[in-house]
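See structure below.
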Amino acid sequence: MNRTLEHILPKVQKPARYTGGEYNAIVKDRRTVDTRYALCFPDTYEIGMSNLGCRILYGLMNEVDGLWCERCYAPWGDMEDEMRREGLLLYGLESGDPISDFDIIGFSLGYEMAYSNVLNMLDLAGLPLRSADRPELTPLIVAGGTCAYNPEPLAPFVDLFVVGEGEEVTLEYIQLYRQAREECWSKEEFLQEAAQIPGIYVPAFYEPVYREDGTLEEMRIREGSGAPEKVRKRVVENMDGAYFPVKTIIPSTEIVHDRVMLELFRGCIRGCRFCQAGYVYRPVRSRSPELLAQYGKAACEDSGYQEMTLSSLSSTDYPCLLELCDDLLDYCAPRDIGLSLPSMRADTFSMNLMERLQRVRKGGLTFAPEAGTQRLRDAINKNLREEDLLQSVRTAFTGGGYNAVKLYFMLGLPTETDEDVLGIADLARKVYFAWRECSPNKARGVRITVSTSWFVPKPNTAFQWDAQIPVEEYQRRVDLLRDALKRDKSITYNWHDPQTSYLEAIFSRGDRRLADVLEWAWQHGAKFDSWSEYFDFQRWMDALAACGLDGDFYAHRERPRNEVFPWSRIDPMVTPEFLWRERELCYQSVTTPDCRTRCSGCGANRLLSGGVCNG
1 MNRTLEHILP KVQKPARYTG GEYNAIVKDR RTVDTRYALC FPDTYEIGMS NLGCRILYGL
61 MNEVDGLWCE RCYAPWGDME DEMRREGLLL YGLESGDPIS DFDIIGFSLG YEMAYSNVLN
121 MLDLAGLPLR SADRPELTPL IVAGGTCAYN PEPLAPFVDL FVVGEGEEVT LEYIQLYRQA
181 REECWSKEEF LQEAAQIPGI YVPAFYEPVY REDGTLEEMR IREGSGAPEK VRKRVVENMD
241 GAYFPVKTII PSTEIVHDRV MLELFRGCIR GCRFCQAGYV YRPVRSRSPE LLAQYGKAAC
301 EDSGYQEMTL SSLSSTDYPC LLELCDDLLD YCAPRDIGLS LPSMRADTFS MNLMERLQRV
361 RKGGLTFAPE AGTQRLRDAI NKNLREEDLL QSVRTAFTGG GYNAVKLYFM LGLPTETDED
421 VLGIADLARK VYFAWRECSP NKARGVRITV STSWFVPKPN TAFQWDAQIP VEEYQRRVDL
481 LRDALKRDKS ITYNWHDPQT SYLEAIFSRG DRRLADVLEW AWQHGAKFDS WSEYFDFQRW
541 MDALAACGLD GDFYAHRERP RNEVFPWSRI DPMVTPEFLW RERELCYQSV TTPDCRTRCS
601 GCGANRLLSG GVCNG
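So for the sequence shown, this note's numbering puts the first residue at 1; every next one is plus one.
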């Protein structure tokens, strides 16, 4: 370990975040390595280590001869202070070497409120923030993840974005980089070639042109760049052939999701109109139950984990779920390994499933009705009936002995009225009465937790044209619901802070001008903006004012159908025509069937060689 680091670590909280050396971490002989990659997660070790996508890319890249991928996380404030005081540059956990010496630095972007940490990590690495100030090929700054579907707010800082799933395209651009370095290409020459790889967006080759009213006239392609008209997302077509990290790093301190995570499938059959992930991860592609069972058992054997999670956007929609659970539980039950399903739909929860899950350990139940009335659930295409939810909780209370249920909702959805808001309280009470009616053990009581978040319109969804309601209106609806629930002792109400959701709406649909806002806020102390310990709303309002921009223009303005979006050069393979049609159906409170019932013609099947989704 570096002597400066030895000097620093006794002074900080949770020093294990910064030491590396975990079981299954990959350390390579530098003499055998020609390309080094820093896989950066712009949040704490505990959150970054829980990210399955990062685990996949880490293992995948380290299987390549001559390529060494190391991890890097955002240091907490105490560690950052010590690093800056001692002149210690941000480093890779495996080697302790400064990431500024690496060939490629890649950021995983899953949440807009982590953008300030991207800038902070570049600065901690001793690198210029803006791509234009880094004229050399090395180090190359790359970013990917869900936020890359609107890359514009970060565009001036990043050399290239990966749009879509990274397993195949990452190895492709790394191979191109190796060729460029060997043949002494300039950075410009490399980027021109990289832009020809499907799924690569090079922001320097697209120039926003604005109208007087601040809206976009076009995203103009730079002359001579050869950049494509549209950057089509990448997907892994064959999930059974995709890499899975059976041998995964075992953290040396507690993390958020400290367990084996089995990814059942990608995509979602449901088409909830607010859900960005449900659209951009289409088409649906499943892994076989035999392979999943093999992976799960092998991962538990290697890691010693005592818990396994079956993950996807809607795990109970996996076609072979009961078969898979039976196979895994035959292995898990005698070893006291817990098996959990974190993303269950109330309309697919069953006694058969519950009995299987209870063979090991029983946790609480979580459902996301999203809206309090059937009309609004139909408008957002949740395709969930009240009777389905109530039947599911009756099943859990009667046969399973559950006495805790969490219910998640959103406030501010398009077409929402006060009646819909009060419907949340009404539904929560019906869940309580279902417990009163069915529970065989009422002595323990029941805990019903209602949580609401503030709806954020996202790119590439049916609601990308809609406005977020004003902050004052959101708070009024929170107060309305809180007053309706305050007499119910068994119901706890939690609501999301509106200020971070407002900023999330600004950056999720923002344009390249927000890069100046981001840099100004970072220069004035912004970092860890998803953490209340660091978040300062006024700092962001000051940043917008300093750059002459209005947050309401991005968050609270409804867009006309023909408006050019900042992300217009990104093609998620779900067509704008389909999304607009879904928006119109919302305002009629008309549902669209799930993909297994009937294909709705979203366009995602164009990505598959056979043209048929695995719904």
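Note that beta-carbon positions come from the ideal geometry of N, C-alpha and C, so glycine has one too. All of these numbers come straight from a predicted model, not from anything done at the bench.
Would you call the region 439 to 454 and the region 601 to 615 touching, i.e. three or more CB-CB distances under 8 Å? At 8 Å Cβ cutoff, the stretches do not touch.
Just the C-alpha distance for P128 and G610, rounded to the nearest angstrom, thanks. Counted from its first residue, the sequence shown places residue 128 at position 128. Counted from its first residue, the sequence shown places residue 610 at position 610. Separation of P128 and G610 (C-alpha to C-alpha, rounded to the nearest whole angstrom) is 45 Å.
Count the other C-beta atoms from every protein chain shown that fall within 10 angstroms of the C-beta of Q588, then say buried if there are 16 or more, exposed otherwise. Translated into the one-based positions of the sequence shown, residue 588 becomes position 588. A residue is called buried once 16 or more other Cβ atoms fall within 10 Å of its Cβ, and Q588, having fewer, is exposed.
Sorted by chain position, which residues of the same chain lie with C-beta nearer than 6 Å to C518's C-beta, five sequence neighbours on each side aside? As a first step, residue 518 must be located in the sequence shown, where it is residue number 518. Here the sequence assigns Leu to residue 518, which means Cys is not the residue at that position. Cβ neighbours of L518 within its own chain (closer than 6 Å, five residues either side excluded): Y115.
Report buried or exposed for K599, applying the criterion of at least 16 other Cβ atoms within 10 angstroms of its Cβ. For this step, residue 599 is matched to residue 599 along the sequence shown. One point to set straight first is that residue 599 is Cys, not Lys, in the sequence displayed. C599 is exposed by the Cβ-count criterion.
So L90 packs on W522, CB below 8 Å; how close in whole Å? Position 90 of the sequence shown, counting from 1, holds the residue named residue 90. Position 522 of the sequence shown, counting from 1, holds the residue named residue 522. L90 to W522, Cβ: 15 Å. No contact.
Can you have a look at R512 and say buried or exposed, based on whether 16 or more other CB atoms are within 10 angstroms of its CB? Taking the sequence shown and counting its residues from 1, one reaches residue 512 at position 512. So R512 counts as buried.
Distance check for T146 and D388, CA to CA, integer angstroms please. On the sequence shown, position 388 is the one that residue 388 refers to. On the sequence shown, position 146 is the one that residue 146 refers to. Rounded to the nearest angstrom, the two C-alpha atoms are 31 Å apart.
Residues in its own chain within less than 7 Å of R270 by CB, not counting five upstream and five downstream? To locate residue 270, count along the sequence shown from 1; it is residue 270. G278, S314, N383, D594.
Count the other C-beta atoms from every protein chain shown that fall within 10 angstroms of the C-beta of Y23, then say buried if there are 16 or more, exposed otherwise. As a position in the sequence shown, residue 23 is number 23, starting the count at 1. Counting the other CB atoms within 10 Å of its CB gives Y23 a total below 16, which places it among the exposed residues.
Under the assumption that Y37 contacts M61 (Cβ atoms under 8 Å), give the Cβ distance between them as a whole number of angstroms. Working through the sequence shown from its first residue, we reach residue 37 at position 37. Working through the sequence shown from its first residue, we reach residue 61 at position 61. Contact annotation, Y37 with M61: C-beta distance approximately 6 Å; criterion of less than 8 Å satisfied.
For the putative contact between V620 and C602, defined by C-beta atoms under 8 Å, what is the C-beta separation to the nearest angstrom? In the structure as shown, the chain starts at 1 and stops at 615, and residue 620 therefore has no counterpart that could be examined.
Going by beta-carbon coordinates alone, are Y201 and V235 separated by less than 7 Å? In the sequence shown, counting from the first residue as 1, residue 201 sits at position 201. In the sequence shown, counting from the first residue as 1, residue 235 sits at position 235. Not closer than 7 Å, so no.
Going by Cα to Cα distance, which pick from I26, F455, L328 is closest to T500? What you label residue 500 is simply residue 500 of the sequence shown in a count that begins at 1. With distances taken between CA atoms, T500 lies nearest to F455 out of I26, F455, L328.
By a C-beta neighbour count over all protein chains shown, 10 Å radius and 16 as the cutoff for buried, is V284 buried or exposed? By one-based count along the sequence shown, residue 284 stands at place 284. So V284 ends up on the buried side.
Measure the Cβ-Cβ separation of R476 and V421 and say whether it is below 7 Å. Translated into the one-based positions of the sequence shown, residue 476 becomes position 476. Translated into the one-based positions of the sequence shown, residue 421 becomes position 421. Taking 7 Å as the Cβ cut-off, R476 and V421 do not qualify as a contacting pair.
Please state whether DSSP places D571 in a helix, a strand or coil. Taking the sequence shown and counting its residues from 1, the one referred to as residue 571 is at position 571. Three-state DSSP puts D571 in a strand.
Going by DSSP, what residue range makes up the alpha helix (DSSP H) through K297? Mapped onto the sequence shown, residue 297 falls at position 297. Note, K297: alpha helix (DSSP H), 289 to 303.
Whole angstroms are fine: how far does the CA of E472 sit from the CA of A545? If you number the sequence shown from 1, residue 545 lands on position 545. If you number the sequence shown from 1, residue 472 lands on position 472. Spanning the two alpha carbons is a distance of roughly 20 Å.
Segment limits, beta strand (DSSP E) that includes F157: Here residue 157 refers to the residue found at position 157 when the sequence shown is read from its first residue. It is not in any beta strand (DSSP E) - F157 carries neither H nor E in the DSSP assignment.
Please classify D330: is it buried, with 16 or more other beta-carbons within 10 angstroms of its beta-carbon, or exposed? The count along the sequence shown starts at 1 and reaches residue 330 at position 330. Exposed.
By alpha-carbon positions, which one of H257, P139, Q276, L390 ends up nearest to L309? Reading the sequence shown from its first residue, position 309 is the one you call residue 309. The sequence shown places Thr at residue 309, not Leu. Of the candidates H257, P139, Q276, L390, the one whose C-alpha sits nearest the C-alpha of T309 is H257.
Cα-Cα separation between I221 and Q306, rounded to whole angstroms: By 1-based counting over the sequence shown, the position of residue 221 is 221. By 1-based counting over the sequence shown, the position of residue 306 is 306. Rounded to the nearest whole angstrom, the C-alpha separation of I221 and Q306 is 52 Å.
So, with DSSP's three-state summary, where would you put I249? Within the sequence shown, the letter at position 249 stands for residue 249. In the three-state reduction of the DSSP assignment, I249 falls in the coil class, being assigned neither a helical nor a strand state.
Less than 7 Å between the C-beta atoms of A555 and A505, yes or no? Position 555 of the sequence shown holds residue 555. Position 505 of the sequence shown holds residue 505. Contact: yes.
Apart from the five residues on each side of it in sequence, which residues of its chain come closer than 8 Å, Cβ to Cβ, to T215? Locating residue 215 in the sequence shown gives position 215, counting from the first residue. The answer, listed in chain order, is E563, V564.
How big is the Cα-Cα spacing for R482 and Y493? The residue given as residue 482 occupies position 482 in the sequence shown. The residue given as residue 493 occupies position 493 in the sequence shown. Rounded to the nearest angstrom, the two C-alpha atoms are 7 Å apart.
Round the Cβ separation of L365 and A396 to the nearest angstrom and send it over; I've been treating them as touching at under 8 Å. Taking the first residue of the sequence shown as 1, we reach residue 365 at position 365. Taking the first residue of the sequence shown as 1, we reach residue 396 at position 396. Right, the Cβ-Cβ distance comes to about 5 Å (below 8 Å), so this counts as a contact.
Cβ neighbours of T373 in the same chain (closer than 6 Å, five flanking residues each side left out): Residue 373 sits at position 373 when you count from the first residue of the sequence shown. So the qualifying residues of the chain are D420, G423.
With a threshold of 7 Å between beta carbons, is I570 in contact with chain D? Here chain D cannot be found, since the structure has a single protein chain.
For G59 and T35, which I take to be in contact (beta-carbon distance under 8 Å), what is that distance rounded to the nearest angstrom? The sequence position of residue 59 within the sequence shown is 59, counting from 1. The sequence position of residue 35 within the sequence shown is 35, counting from 1. Actually they are not in contact, since the Cβ atoms of G59 and T35 sit about 16 Å apart, beyond 8 Å.
Kindly indicate which residue of V64, F157, P319 has the alpha-carbon position closest to the one of A515. As a first step, residue 515 must be located in the sequence shown, where it is residue number 515. For the residues V64, F157, P319, the minimum Cα distance to A515 belongs to F157.
Closest residue to N403 among E437, S532, D479, V446 (Cα-Cα distance): Taking the sequence shown and counting its residues from 1, the one referred to as residue 403 is at position 403. Per the Cα distances, V446.
Do P42 and A74 have their beta-carbon atoms positioned less than 7 Å apart in this structure? Walking along the sequence shown from the start, residue 74 turns up at place 74. Walking along the sequence shown from the start, residue 42 turns up at place 42. Cβ atoms of A74 and P42: closer than 7 Å.
Could you pull the DSSP bridge partners for V564 from this structure? For the purposes of this step, residue 564 is identified with residue 564 of the sequence shown, where counting begins at 1. Bridge partners of V564: L216.
The alpha helix (DSSP H) enclosing P576, as first and last residue numbers: Here residue 576 refers to the residue found at position 576 when the sequence shown is read from its first residue. Counting along the chain, the alpha helix (DSSP H) containing P576 begins and ends at 576 to 586.
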